[in-house]
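Colleague: Okay, handing you the structure first.
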Amino acid sequence: MEKEVRVRYAPSPTGLQHIGGVRTALFNYLYARSQGGKFILRLEDTDRTRYDEKYVQNLYDTMAWLGIDWDEGGSKGGEYGPYVQSERFELYKEYAQKLVEKGEAYYCFCDAERLERIRKIQTENKLPPGYDRNCRHLTPEEIKANLDAGKPYVIRLKVPLEGETKFTDHLLGDIVWKNEDISPDPVLLKSDGFPTYHLANIVDDHMMKITHVMRAQEWIPSTPLHVQMYRSFGWEHPEFCHLPMVNGSDGKKLSKRHGSTSLNEFRARGYLPQAIVNYVALLGCSYDDGVDMYTLEELGKKFKLEHLNKAPAVFDYKKLEWYNGQYIRALTDEELYKWTLPFITGTGDACLEINPENPQPKPKVGPEYSGVAMGDDGEPVCVDSSMNMSSADVKAALMKLMPLIKERLHFLTDAAEMVHFLFTEPAVPPKADIIPKKIDEAKTKEVLENAIEFVKQLPSLDHEASEALAKSYAEKLGIKLGDFMMPIRMAVTGSRVSPPLMGSILILGVEKSVERIRRTLAEF
Ligand code: GLU
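Okay, so the sequence shown: first residue is 0 according to numbering that gives the first Met the number 0, each after it adds one.
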C-alpha cells in the first residue's frame with residue numbers, strides 16, 4: 000500500500016501572512032487534497048524575540064478567509080501534537096541529547112566573546128564566517144569538567160568534514176553540496192535550552208510523519224544540512240520539493256516595493272478570496288487546459304507536482320485584478336451586498352491592520368465616502384438624518400444598486416463611492432466639473448434643461464428604450480452621447496464615478512433626480 004501523503008505548512012508567527020507563505024500553504028493543501036492525504040499546520044514559534052500572538056491570529060484569520068482548511072495542527076490538535084513548537088521544547092532537548100550520545104553532535108562551551116573574536120579574525124582575513132569547531136575535539140574529561148563547573152553550553156551538529164551531500168528535489172532534480180560548504184557545525188540547541196529552527200523542524204517533520212516538504216526555494220541552502228541531520232538521527236528524509244520563486248515584474252523577488260504583499264492588504268483593498276486563491280494557485284503551476292477559472296475544490300482535484308514550473312513565477316497585479324472582477328461579477332446580489340457592506344460602512348476587512356510601510360494609497364471606504372455607517376445592531380444606517388431613511392430603506396436601496404455596480408467594480412472598495420449619491424444630498428459640483436471638455440457652458444445648460452424631461456420619461460421605458468431616448472436627445476442637441484450624460488451624472492450623483500446612470504436615477508427616484516438637476520441648473 001502507498002504511504003499516505005502528509006504535508007505541512009510551518010510558518011513562523013513573526014509577521015503578517017503574505018503571498019509567498021499563502022502560496023506555500025495552498026500548494027501543500029492542494030497536494031494533500033489531490034492525494035487524499037493530510038495537510039498539517041504547524042507553528043514554528045521558536046524565535047521568541049520576533050514572536051507576536053497577533054501573527055498567530057492573523058494566520059488563522061487568513062486561512063479561514065481563504066477557505067484553506069487543515070486536518071491536523073494549529074488550534075485543532077491531532078494524533079502527533081502538540082503542533083506548536085514552543086510546547087515541544089523538552090522533546091527537542093531530548094533529541095539533541097540523543098545526537099550527542101550517538102557522537103553526531105557535541106557540547107560547545109565557547110562563550111560569546113570567543114565567538115566574536117573568531118568572527119573578527121575571519122572578517123579581517125577575508126575568511127568565510129563560521130564556527131572554528133574548537134569544541135568538537137574536547138576530551139570526555141574536559142567536557143565533564145565544564146559541565147561540572149556549570150558552564151553554559153550549546154549543542155552543535157558534527158557536519159562531516161569531507162565528502163558531499165546529495166538529495167533529489169522533486170522539481171529541481173539532483174542537488175549536490177560539498178560538505179565543506181555546509182555551515183560549520185551549526186547550533187541545534189541554544190544555551191537557554193531553546194532549539195534552533197533546524198532542530199525543531201527536522202524532529203517535527205520526522206515525528207509528524209511528513210512525507211513531502213514543499214516550501215520556498217530560499218530554503219534550498221538549508222536542505223543539505225537537514226539531509227545531514229536526518230542521516231545523523233538515522234532517519235529517512237521526506238521528499239523535498241522547493242517551489243518556484245515568486246518575482247515582481249522586474250524579475251526580483253516579490254516584495255513590498257512591488258505593491259501589496261500581505262494578505263491583509265489585499266483584503267483591505269477589496270479582493271475576494273476566490274480571486275486570490277485562483278491566481279495564487281497559478282503562480283508557478285500551469286494546467287495547460289485553457290481554463291482560467293478554478294475553484295479551490297477543483298484545484299484540489301487537479302493539482303499534481305508535475306504541473307509545477309521550474310521557472311520563477313511573475314506576480315502580475317493586473318491579472319489578479321482581472322480575476323477579482325470576474326469573481327465579483329460571479330457573485331449573486333445578496334453575496335455582493337455582504338461582501339461590500341464592510342467597505343461601504345468602513346468596518347470588518349476595511350479596517351484590517353496592514354503593513355505600516357505599505358506604499359499603497361488608502362482606499363476610499365467608510366461613511367465619509369458612502370454616506371452609510373454600521374449601526375449598533377449590525378444594520379446599515381444613513382449618516383445624513385435629513386434623508387429620512389430607515390435601515391430597511393438603506394438595505395433596500397443598496398440591494399437595488401448591487402446589480403448595477405457589479406459590472407463596474409474592480410475592487411469591493413470601489414463600492415463606497417458608487418453608492419454615496421443615494422444616501423446624502425450631494426453639493427452642487429463646481430461648474431468646471433460639470434461642463435464636458437468638448438462642449439461649452441451654454442450647451443451644458445441646454446443639456447440640463449432637456450435632462451428634466453428626459454428623466455421624467457425613464458420610469459416607463461425599458462433599458463434599451465431609455466438608451467435610445469438618450470441618444471435621440473444627444474442627436475437633437477448635436478452632441479455626443481457621453482457629453483449628454485456627463486452633466487446629468489454630475490448633477491444627479493455629484494460624482495464622475497457612478498453606477499450606470501439610468502438605473503441610478505430610477506433607484507434614487509425621478510423626483511429627487513429632477514430636484515438635483517434643477518439645483519444644478521440654478522448655477523448656470
Ligand atoms: N518556519 C519556516 C518558515 O517560516 C518553515 C520552513 C520550512 O518549511 O521548512 O518559513
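Where is the CB? At the ideal position from N, CA and C, for every residue including glycine.
Does the ligand GLU have a heavy atom nearer than 7 Å to the CB of Glu-71?
Modeller: Your numbering for residue 71 matches position 72 in the sequence shown. No, the Cβ of Glu-71 stays beyond 7 Å of every heavy atom of the ligand GLU.
Colleague: Roughly how far, in whole angstroms, is the beta-carbon of Leu-468 from the beta-carbon of Phe-453, given that I think they are within contact range, below 8 Å?
Modeller: Position 469 of the sequence shown, counted from the first residue, corresponds to residue 468. Position 454 of the sequence shown, counted from the first residue, corresponds to residue 453. Between Phe-453 and Leu-468 the Cβ distance is about 7 Å, and since that is below 8 Å, they are a contact.
Colleague: Does the ligand GLU have a heavy atom nearer than 7 Å to the CB of Pro-10?
Modeller: Here residue 10 refers to the residue found at position 11 of the sequence shown. Yes, since a heavy atom of the ligand GLU falls inside the 7 Å radius drawn around the Cβ of Pro-10.
Colleague: Apart from the five residues on each side of it in sequence, which residues of its chain come closer than 8 Å, Cβ to Cβ, to Val-99?
Modeller: Counting from one through the sequence shown, the residue named residue 99 turns up at place 100. Excluding residues within five positions, the ones whose Cβ falls inside 8 Å are Tyr-105, Tyr-106, Ile-154.
Colleague: Can you give, in chain order, each stretch of the beta strand (DSSP E) that sits fully within the segment 208–265 and has at least 3 residues?
Modeller: The qualifying runs are 211–215, 238–242.
Colleague: Measure the CB-CB distance between Tyr-82 and Ile-39 and report whether it falls below 8 Å.
Modeller: Taking the sequence shown and counting its residues from 1, one reaches residue 82 at position 83. Taking the sequence shown and counting its residues from 1, one reaches residue 39 at position 40. Yes, the pair counts as a contact, with Cβ atoms nearer than the cut-off.
Colleague: CA-CA distance, Ala-274 and Leu-262?
Modeller: The count along the sequence shown starts at 1 and reaches residue 274 at position 275. The count along the sequence shown starts at 1 and reaches residue 262 at position 263. Each residue's Cα considered, the two are about 12 Å apart.
Colleague: Taking 8 Å as the threshold (C-beta atoms), are Leu-42 and Gln-16 in contact?
Modeller: Numbered from 1 along the sequence shown, position 17 holds the residue referred to as residue 16. Numbered from 1 along the sequence shown, position 43 holds the residue referred to as residue 42. Contact: no.
Colleague: Using the C-alpha atoms, what's the distance from Glu-510 back to Ile-353?
Modeller: For the purposes of this step, residue 353 is identified with residue 354 of the sequence shown, where counting begins at 1. For the purposes of this step, residue 510 is identified with residue 511 of the sequence shown, where counting begins at 1. Cα to Cα, the separation comes out at about 43 Å.
Colleague: Cβ of Tyr-152 within 7 Å of any heavy atom in the ligand GLU?
Modeller: Locating residue 152 in the sequence shown gives position 153, counting from the first residue. Flag unset: Cβ of Tyr-152 not near the ligand GLU.
Colleague: Pull up the distance between the alpha-carbon of Leu-295 and that of Phe-302, whole angstroms please.
Modeller: Residue 295 sits at position 296 when you count from the first residue of the sequence shown. Residue 302 sits at position 303 when you count from the first residue of the sequence shown. Near 10 Å, if we compare the C-alpha coordinates of Phe-302 and Leu-295.
Colleague: Within the present structure, is the beta-carbon of Asn-200 separated from the nearest heavy atom of the ligand COA by less than 7 Å?
Modeller: Only the ligand GLU can be found as ligands here, which leaves the ligand COA out of the picture.
Colleague: Do Pro-341 and Ala-329 count as a contact pair if the criterion is CB distance below 8 Å?
Modeller: On the sequence shown, position 330 is the one that residue 329 refers to. On the sequence shown, position 342 is the one that residue 341 refers to. No, Cβ-Cβ distance for Ala-329 and Pro-341 is not below 8 Å.
Colleague: I'd like to confirm the pairing. Which residues does DSSP put opposite Tyr-50 in its beta bridges?
Modeller: One-based indexing of the sequence shown puts residue 50 at position 51. Per DSSP, none; premise fails for Tyr-50.
Colleague: Taking the alpha helix (DSSP H) that Arg-517 falls in, what are its first and last residues?
Modeller: As a first step, residue 517 must be located in the sequence shown, where it is residue number 518. Its alpha helix (DSSP H) spans residues 509–520.
Colleague: Please say whether Pro-402 and Asp-461 have beta carbons closer to each other than 8 Å?
Modeller: Residue numbering aside, residue 461 sits at position 462 when the sequence shown is read from its first letter. Residue numbering aside, residue 402 sits at position 403 when the sequence shown is read from its first letter. No, Cβ-Cβ distance for Asp-461 and Pro-402 is not below 8 Å.
Colleague: So for Ala-414, helix, strand or coil by DSSP?
Modeller: The count along the sequence shown starts at 1 and reaches residue 414 at position 415. Reduced to three states, the DSSP call for Ala-414 is helix.
Colleague: First and last residue of the beta strand (DSSP E) that includes Thr-443?
Modeller: Locating residue 443 in the sequence shown gives position 444, where the first residue counts as 1. Element bounds for Thr-443: not the beta strand (DSSP E) but the alpha helix (DSSP H), 440–456.
Colleague: Does DSSP put Trp-338 in a helix, in a strand, or in coil?
Modeller: The residue you call residue 338 lines up with position 339 of the sequence shown. In this structure, Trp-338 counts as helix in the three-state DSSP scheme.
Colleague: Helix, strand or coil: which one does DSSP assign to Tyr-293?
Modeller: As a first step, residue 293 is located in the sequence shown; it is residue number 294 there, counting from the start. Three-state DSSP puts Tyr-293 in coil, outside helix and strand.
Colleague: Does the contact criterion of 3 or more C-beta pairs under 8 Å hold for the segment 207–221 versus the segment 1–9?
Modeller: Short answer: they touch.
Colleague: Going by beta-carbon coordinates alone, are Thr-519 and Ala-490 separated by less than 8 Å?
Modeller: Walking along the sequence shown from the start, residue 519 turns up at place 520. Walking along the sequence shown from the start, residue 490 turns up at place 491. Yes. Within cutoff.
Colleague: Quick one: using the 10 Å Cβ neighbour count with 16 as the cut-off for buried, is Val-418 buried or exposed?
Modeller: Indexing the sequence shown from 1 puts residue 418 at position 419. The residue in question, Val-418, is buried, as its Cβ has 16 or more Cβ neighbours within 10 Å.
Colleague: Go through the segment 342–386 residue by residue and report every complete run of the beta strand (DSSP E) that reaches 3 residues or more, in order.
Modeller: Within the segment 342–386, the complete beta strand (DSSP E) runs of at least 3 residues are 371–373, 379–381.
Colleague: What is the DSSP secondary structure of Cys-134, counted as helix, strand or coil?
Modeller: Sequence index remark: in the sequence shown, residue 134 carries index 135 (1-based). The answer is helix: DSSP assigns Cys-134 an H, G or I state.
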